[in-house]
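Residue numbers (the working numbering): -13 to 201.
Below, the structure written as structure tokens:
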């Protein structure tokens, strides 16, 4: 792209802007206005009933989001390979796994995400299933990590596989899950401002009217 400028002498100068413009197909109206529940219905879903234990409520929604995102990703795995997605990205953001150096492919990263969460939800010491069992003091921190990792997966789906999701007619499901996660976070302050940056424009396009986060 060329930008033409004029100097004081009237001579033309040209600057070349080589910065590529990020393409975001998920910001097309036909994409983001397609969901299976209304925003009002989803927002109501995350409201904790009176008397409900906060940890049980966090666990319920975390498991729901985990299962939903796992199912959506499972449907498009043939399109997400180490060849098509050599890095775990959400647009220009590149994610690396904890304790690992260098790039990691998207399918490998997402497999680590799902395995990590599955391992913890099946661990009685992390997510007790027996009536009367107490949640560990670290449970809230674990939920925040799970939700952040799941948002990474959503980011990759929106940026890299939105056409695949659309062709499989899963757009209403994906958008509903995204709205669910964002309202869940907004209600219980699970994510930091930097975590949501890759999909902030989608939340704005959907008019989710989320409470602003402190940077």
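C-beta atoms are modelled at their ideal positions from N, C-alpha and C, and glycine is treated no differently.
Query, Result
"Residue 17 versus 116, 72, 98, 150, residue with shortest Cα-Cα distance", "150"
"For residue 75, the residue or residues it bridges with in DSSP", "80"
"Check whether residue 67 and residue 35 have beta carbons under 8 Å apart", "no"
"Among 136, 158, 143, 144, the one whose alpha carbon lies nearest that of residue 170", "136"
"Top-ranked residue by Cα proximity to residue 133, from 77, 10, 8, 44", "44"
"Residue closest to residue 226, alpha-carbon to alpha-carbon, out of 128, 100, 39, 96", "Missing from the structure shown is residue 226; the chain here goes from -13 to 201 and no further."
"Inter-residue Cα distance where the pair is residue 69 and residue 97", "16 Å"
"6 Å CB neighbourhood of residue 185 in its chain, flanking five on each side removed", "141"
"Boundaries (first-last residue) of the alpha helix (DSSP H) holding residue 152", "148 to 153"
"Spatial distance of residue 71 from residue 162 (CA atoms)", "25 Å"
"Under the three-state DSSP convention, the category residue 144 falls into", "helix"
"Residue nearest to residue 99 in terms of C-alpha spacing, selected from 123, 120, 53", "53"
"C-beta contact flag for residue 154 and residue 76 at 8 Å", "no"
"Near the ligand NAP: residue 41 beta-carbon under 7 Å from a heavy atom", "Here there are no bound small molecules, and the ligand NAP is not part of this structure."
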